[in-house]
Amino acid sequence: MNCSIIPLTPPYSFDRLLRRLETHPDTQIRVNKEKNSLERVFRIGLRPVLVHMQFVGSLEEPVLHYETQAILSTTDQQLLEKMIRRTFSADLDLSVIYEQMRAEKELAILTERFRGLRLMLDADLFQCMVKTIIGQQINLTFAANLTERLVTLAGDPVEVENPNGEGLIAFPTPDAVARLTVEDLRTLQFSQRKAEYIIDFARAIVNETIDLERLWTMGDEEIITYLTSLRGIGRWTVECLLMFGMGRPDLLPAADIGLRNGIVHLYGMNSKPNENDIRKIGEKWAPWRSIYCLYVWEAVGAIKRKEVFDL
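With my numbering as the guide, the letters of the sequence shown map in order to residues 187 to 497.
Right, dumping it as structure tokens:
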């Protein structure tokens, strides 16, 4: 068993991260809130690897312990640690961002209420894009259900011992999704177009029309231009990929309904702002607009969960 430790950049809120997973369920993750731990599947190449993680320490002295029973080469072990660091935003320094957020009285409260909250990214770009396409214009619950059905249909089961006897399933590979038919997804309650978009995207990767690894060398707008050439992928979808797949810090998905609702609450507006209004408000959030958006979304989530939270 490979056991390792990753010091995390404080502040780091384990509670907020795990709580966010409750409203953003993932079939590749099993959470144990009592132990501040989770199990998550990562792919090293095509191989699914189950990783056990436990958050220890405190908000100001956070540490992540992780271990896997998989036998990994030194190179694969290094790759896994890099993936974990990126996925859990281990090296993000929130103190610089908080200093800027406190300049706006409407947002200053968020730095205290949600102290230590940070983006948790998808484990790879393919699953992030597919999940984002699934989530287009539907609510989180239905999107999670559709994602679970896709993973169950085409993913790779991972052997895992647990009291409930329930295994985790690795997200399907592009090849596995490319082999599906639209009818396969329609039986799972996918719309005709959404099924087509997902399969088309997978086939574009398999056919090497799209090279996801190339994205890491490209700028945000370059990536948006590159990917919106595909049917069913618009600016909002790519912005979500940049934010939740790549961890790019300065994205503002102005078309997002949840973001618009949160801004209405935070700024005490009488009417919902349009996309241009959102972009204007977000100008002073640069170069950390992705993190600002996360905190606005978390405020919306806190209100829905009826947490004690005065705006």
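Note that CB positions come from ideal geometry on N, CA and C, so glycine has one too.
- Relative to the Cα of T297, the nearest Cα in the group K490, C479 and R491 belongs to C479.
- Across the set M404, G405 and D442, the C-alpha of D442 shows the shortest separation from the C-alpha of G420.
- When DSSP assignments are scanned along the segment 243-281, the uninterrupted stretches of beta strand (DSSP E) that are 3 or more residues long and fall wholly within it turn out to be 248-254.
- Annotation: S476 is outside any beta strand (DSSP E); the continuous alpha helix (DSSP H) that includes it extends over R475 to K490.
- The beta carbon of L398 is closer than 7 Å to those of L311, F312 and I391 in its chain, skipping five residues each way along the sequence.
- For L224, the enclosing beta strand (DSSP E) has its first and last residue at S223 to I230.
- A distance of 8 Å or more separates the beta carbons of I449 and P435.
- Taken in chain order, the unbroken stretches of beta strand (DSSP E) that lie wholly in the segment 311-388 and span 3 residues or more are 342-344 and 354-356.
- I489 has its alpha-carbon roughly 17 Å from the corresponding atom of R301.
- For the pair R233 and E292, the Cα-to-Cα distance works out to about 46 Å.
- Counted as a single uninterrupted DSSP element, the beta strand (DSSP E) harbouring N218 occupies residues I215 to N218.
- Put simply, of L224, G243 and K221 the residue whose alpha carbon is nearest the alpha carbon of P197 is G243.
- Less than 8 Å separates the beta-carbon of I192 from that of Y252.
- Buried is the label assigned to K380, since at least 16 other Cβ atoms lie within 10 Å of its Cβ.
- With respect to D262, I230 sits close: the two C-beta atoms are nearer than 8 Å.
- By the criterion of a C-beta distance shorter than 8 Å, R206 is surrounded in its chain by L303, M306, E484 and G487, once the five residues flanking it on both sides are discounted.
- Its Cα nearest to that of V316, the residue E382 stands out among D342, I270 and E382.
- P439 is classed as buried because its beta carbon has at least 16 other beta carbons within 10 Å across all chains shown.
- Ranked by Cα distance from V337, the options L354, Q322 and F328 are led by L354.
- Exclusion of the five residues before and after N331 leaves no residue of its chain whose Cβ lies closer than 7 Å to its Cβ.
- If you ignore the 5 residues before and after D277, its C-beta comes within less than 7 Å of the C-beta of T195 and R271, all in its own chain and listed in chain order.
- Look at H210 here: in three-state DSSP terms it is coil, with no helix or strand label.
- For L266 and P248, the gap between their C-alpha atoms comes out near 20 Å.
- For N447, the enclosing alpha helix (DSSP H) has its first and last residue at I443 to Y453.
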